[in-house]
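Enquirer: Provided herewith is a single structure, encoded as structure tokens, for subsequent inquiry.
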Amino acid sequence: MMTVKNIVYTLGLAGLLSVTGCSKFVDINTDPNNPTEAELPLLLPATEVSLVANMYQMNSGASTFVQHVVFSGALSRYQQQGTTFDDSWTGFYSQTLNDLEAIITKGTAEQQWGYVAIAKLEKAYLVSLMVDMWGDIPYSQTQQGQANTSPAFEDGQEIYEKVLTMIDEAIADAGKTNAGPMVPATSVSYIRR
Amino acid sequence: MIRQKTPPIGGTTSSIMSTLMYVPTSYDLTNYPFENPIDGSNVYDYTGIDNPYWSVKHSPSTSSVDRYYGNLVLGFDPLPWLNIQNTVGFNAYTDRRMSVRGKGASSYPNGSITSDNIYRQELDNTLLLTVTRALNPDLSLRAIVGNNVNQRITDRKAFYGDNIIVADLVDMNNTSSVTPIQLINNRNVLKQRYYAFFTDITLDYKNFASLNLVGRNDVSSTLPANNRSYFYGGVNGSLVFTEAFHLSKDILNFGKVRAGYTRVGNEASPYQTESFYQTNPVLGGGGTPSNVGLPFTPAGGMTYNVVTQANLLTNANLKPEFITELELGTELQFFNNRIGIDFTYYNKRSTSQIFEVTAAPSSGFTTQILNLGEATNKGVEIGLNLSPIQTHNGFNWDISANFTRNRNMIKDLGGFQRFSYGGANGTSSVHIVGQPYGQIQGTAYARDEEGNVLIDPNTGKPLVSGSLKAIGNPNPDFILGITNNFKFRNFTLNVLFDWKQGGQMFSRTVAEMLSRGVTRDMENREVTIVSPGVLGDINTLTALRDERGNKIPNNVALSWEDHFFSGSMGPGNGGINEGSVFDATVFRLREISLGYEIPKSFLGKTPFGSAFISITGRNLWYNAPNFPKYTNFDPEVSSLGAGNSQGYDNLTVPTTKRYGVNLRCSF
């Protein structure tokens, strides 16, 4: 009977340990391969590279349309499809605007106004180009994660007006920085005021 | 320990199955040279393509798998009715893969080496407390209470070495530049754990009635904290009614009914709950020059490393998957076990299944993780055992047949009408609400309201329907397997025959064979052919009418080559996918084995108690009647393995006949 008692104690102890240690035991779902936070000096050059890289399709398409250049593709015969400018659309939203939004949010919280100003100016520039290109586009409901996976299209004219406000904000943010470079030398462009 | 070496296979341009399509059938490659005598490079009749013999010799893919495992079981009985047992298990393997494109290949003259090292490990601990007690003379109880802890790890490292320096030396350092390969979402290391408490209680009454209750609560690391603990279980009962009601055993000597209702929960894959960033991915569009590899170094400038938000939208509210199943069955034995029937009906309902689906890019992501909808699987399984001949001189003949029929259906996709995934070569799999699971999706013929194919009056080729469509259902109608077993004294003969009815397949192999004209199906190629269909309007995709308002049957003749090539009716290369979908019904002689039980007298002084020797032939004959006759195609191939995407053949290596000798001894 002694052994039974010991076993009961041991099991009880194991049970107790497992109750306290359990939530830690399964708290391991943070991706060890990728960062879950991003530093501003690393985010900013990403937005600049993806902004320019994703313009390729739009620029080459527009140049083809006005016959500055000629490619053998369908566009040179004015055959435009719903998917012709997909790469630019997808890239601007899923590579550039989301990182810009991350910089604005994080930069505002950390009062890194140089980064915020640059990100707002980039965003204003990109969004105005996108309205030029596509007219009505999703704007204020994008980049909300699971909260909104189908952002609604908004009136292009109203977006233009919001863009002008954003430029004013950016100028005000830039005014909060000290003299000298607005951000350390981490930005591919826009290093100086 | 498994060592495997294969030439390039699969749907890539340098695979041997694709390069073989360029060889005229009258041409025997066997005794022609395939290496350049000066530098050993590839020699073939077609630019940019490798001779299959050259690939076999210089472009091997190797895989070395080693397994390590062990179990430690500790158990004892502290009381006559109580057993405690603990099992610790360890199971791991390494898979070291190397894939070479030989230096001097026409498909890639510089050559390259890709290495991929995979380590997988599973640790498992199961503690069981088992109570076995007779509650009264008629009623016995077996109750298990247990705990299960499990951890799985995958660690994978892949590298690409470009430009082989010395030919045929397979070593990473023998390449001029080595770069790490980014797996999807850079997921090199995966780790997941769960722990569970469970119980399994069985009550047996007089050996004819049984009731079983199971319950289990899992806590998984792969789910968010508020959803990670989930309970499931079920109840099963069975009754041997011939015993319970003391029925006469003249005809029905054994009869049992069973019923069960169970629910099973399932965890997610790791790291689908928390948003993440990526370091130095490729930014921009899909191809050169719109994509920019990182780190980014402008001309004369400094190097920029970047971090950017991942394109996968993770789900902080992820829930476990559940499958609920109702199962009813009966087992009947007639005439002293000469005839046996085992019948099962099941109805499974899968809910909140976890999928990675495409997202609207304007959300900021291109794919997202979701718990989606509902799918059902209903079916019957019938087993039939017959013993037509049982003699006293030792000759016995037994037949056992198995019939399975499953019908699956997508009931709900959480507000979506359809979503696509997987697939190969321009086609994909698709779930559509109200239709069967995982259909084949691809380009389809434009049709009129009666289903006639619309033909372009200018070219004689079919018009393409505007959007991608479900063009085939890979799920078979039924599967029937029949085993005949003959026994005479020490000899045993086993014959297994299979019949799979229905289920469709998109076959790129058949499409290529027909359009390249390498089979006798193309014997009539000297004449022209008129594709079946009616003339259609290329803009409105409706049937054209003659002056009396009747539809006009296609009247444009094409050469055979044109009919099977470049956007024609096909089946053919570059054609409309729908043309290359076939009914995959197949009859197969799966296995014949002849065995001999070596007589005991013969084994007299050897240490063996018994010995059995058999010769086996597998996959000896098949016929898929709905594929073009001379392609002799075997649809029992799948380019995409046993996953969710079924019904694809992307230049797969054909199935093989196998012969074997088997010796089984016991001491």
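Protein chains in written order, with the working numbering: chain A, 454 to 646; chain B, -2 to 664.
Built from N, CA and C at the ideal position, the CB exists for glycine as well.
(1) If we call anything under 9 Å between Cβ atoms a contact, is residue 691/B one with residue 434/B?
(2) Do you know how far the Cα of residue 569/A is from the Cα of residue 172/B?
(3) Taking beta-carbon pairs under 7 Å, can you tell me which members of the region 496 to 526 of chain B lie near chain A?
(4) If you reduce the DSSP assignment to three classes, tell me which class residue 628/B lands in.
(5) For a minimum of 3 consecutive residues, which ranges assigned as the beta strand (DSSP E) are wholly contained in the region 21 to 104 of chain B?
(6) If you compare alpha carbons, which of 70/B, 183/B, 41/B, 175/B is closest to residue 484/A?
(7) Measuring only between beta-carbons, confirm whether residue 560/A sits less than 9 Å from chain B.
(8) Hey, out of 633/A, 563/A, 611/A, whose CA is closest to residue 585/A's CA?
(9) Check the Cβ of residue 361/B against every Cβ in chain A and list those closer than 7 Å, keeping chain order.
(10) Starting from residue 350/B, find everything on chain A with Cβ-Cβ shorter than 7 Å and list it in chain order.
(11) Determine, for residue 602/A, whether the minimum Cβ-Cβ distance to residues of chain B falls below 9 Å.
(12) Use the C-beta contact count for residue 661/B: other C-beta atoms within 10 angstroms, 16 or more gives buried, fewer gives exposed.
(13) Out of 81/B, 631/B, 428/B, 132/B, state which residue places its alpha-carbon closest to the alpha-carbon of residue 651/B.
(14) Spell out the partners DSSP gives residue 289/B in its beta bridges.
(15) If you measure between the beta carbons of residue 586/B and residue 611/B, is that distance less than 9 Å?
(16) Specify the secondary structure class of residue 306/B as computed by DSSP and reduced to three states.
(17) Here's the rule I'm using: 16 or more other beta-carbon atoms within 10 Å means buried, otherwise exposed. How should residue 365/B be labelled?
(18) With a cut-off of 8 Å on the beta carbons, I'd call residue 287/B and residue 509/A a contact; round off their distance for me.
(19) Taking the alpha carbon of residue 3/B as the reference point, which residue from 85/B, 94/B, 41/B has its own alpha carbon closest?
(20) Near residue 629/A, which residues of its chain fall below 6 Å by C-beta distance, leaving aside the five closest residues on each side in sequence?
(21) Name the residue from 537/A, 478/A, 615/A, 561/A whose alpha carbon lies nearest to the alpha carbon of residue 578/A.
(22) Quick one: does residue 272/B have its CB under 9 Å from some CB of chain A?
(23) Going by the beta-carbon positions, is the gap between residue 362/B and residue 602/A smaller than 9 Å?
(24) Quick check on DSSP: helix, strand or coil for residue 644/A?
(25) If the cut-off is 9 Å on Cβ atoms, which residues from the region 472 to 493 of chain A count as contacting chain B, listed in chain order?
(26) Count the other CB atoms, across all protein chains shown, that sit within 10 Å of the CB of residue 470/A; report buried if there are 16 or more and exposed otherwise.
(27) Helix, strand or coil for residue 528/B? Go by DSSP, reduced to three states.
(28) With contact counted as at least three CB pairs below 8 Å, one residue from each stretch, are the region 193 to 200 of chain B and the region 132 to 141 of chain B in contact?
(29) Which residue marks the beginning of the beta strand (DSSP E) containing residue 215/B, and which one marks its end?
(30) Let me know the secondary structure DSSP gives residue 488/A once reduced to three states.
(31) Taking a Cβ distance cut-off of 8 Å, strictly less, list which residues of the region 283 to 297 of chain B are near chain A, in chain order.
(32) Chain A partners of residue 462/B, CB-CB under 7 Å?
(33) Around the Cβ of residue 299/B, are there at least 16 other Cβ atoms within 10 angstroms (buried) or fewer (exposed)?
(34) Looking at C-alpha atoms only, which residue of 571/A, 562/A, 580/A is the closest neighbour of residue 634/A?
(35) Does the region 240 to 256 of chain B come close enough to the region 290 to 305 of chain B that 3 or more CB-CB pairs lie under 8 Å?
(36) Does the Cβ of residue 362/B lie closer than 8 Å to at least one heavy atom of the ligand NAP?
Expert: Put simply:
(1) As shown, chain B starts at -2 and ends at 664. That puts residue 691/B outside it, with no answer to give.
(2) In a straight line, the C-alpha of residue 172/B is about 45 Å away from that of residue 569/A.
(3) Per Cβ criterion, the list is empty.
(4) Here residue 628/B sits in helix by DSSP.
(5) Unbroken beta strand (DSSP E) stretches of 3 residues or longer found wholly inside the region 21 to 104 of chain B: 58 to 76, 79 to 98, given in chain order.
(6) Of the candidates 70/B, 183/B, 41/B, 175/B, the residue whose Cα lies closest to the Cα of residue 484/A is 183/B.
(7) So, not an interface residue.
(8) When each option's Cα is compared against that of residue 585/A, the closest is 611/A.
(9) Ordered by position in chain A, the residues that pass the 7 Å Cβ test against residue 361/B are 546, 547, 550, 551, 595, 596.
(10) The premise fails here: residue 350/B is roughly 18 Å from chain A at the closest Cβ pair, so nothing lies under 7 Å.
(11) It does; some Cβ of chain B falls within 9 Å.
(12) Within 10 angstroms of the beta-carbon of residue 661/B lie fewer than 16 other beta-carbons, which makes it exposed.
(13) Of 81/B, 631/B, 428/B, 132/B, the residue nearest in Cα terms is 631/B.
(14) DSSP lists 280/B as partners of residue 289/B.
(15) Result no, Cβ atoms of residue 586/B and residue 611/B do not sit closer than 9 Å.
(16) The answer is strand: DSSP assigns residue 306/B an E or B state.
(17) Result: buried.
(18) That pair is a contact at about 4 Å.
(19) The shortest C-alpha separation from residue 3/B is found at 94/B.
(20) Correct list, in chain order: 566.
(21) The residue from 537/A, 478/A, 615/A, 561/A with its alpha-carbon nearest to that of residue 578/A is 615/A.
(22) Cβ-Cβ to chain A under 9 Å: yes for residue 272/B.
(23) Going by C-beta atoms, residue 362/B is nearer than 9 Å to residue 602/A.
(24) Annotation note: pLDDT 47 at residue 644/A (below 50); position unreliable, no value reported.
(25) Flagged, chain order: 475, 476, 478, 479, 480, 481, 482, 483, 484, 485, 486, 487, 488, 489, 490, 491, 492.
(26) For residue 470/A, the predicted structure reports a pLDDT of 46, less than 50, and the residue's modelled location is therefore unreliable. The matter cannot be settled from this model.
(27) In the structure shown, residue 528/B sits in coil (DSSP, three-state: anything other than H, G, I, E or B).
(28) Output reads yes: the region 132 to 141 of chain B touches the region 193 to 200 of chain B.
(29) Start and end: 206 to 217.
(30) In this structure, residue 488/A counts as coil in the three-state DSSP scheme.
(31) Listed in chain order, the positions of the region 283 to 297 of chain B with a beta carbon within less than 8 Å of a beta carbon of chain A are 283, 286, 287, 288, 289, 291, 293, 295.
(32) Within chain A, no residue comes near residue 462/B; the closest Cβ sits about 15 Å away, beyond 7 Å.
(33) Residue 299/B comes out exposed.
(34) Of 571/A, 562/A, 580/A, the residue nearest in Cα terms is 571/A.
(35) Short answer: they don't touch.
(36) Summarising the ligand content, the structure contains no ligands, and the ligand NAP is consequently not present.
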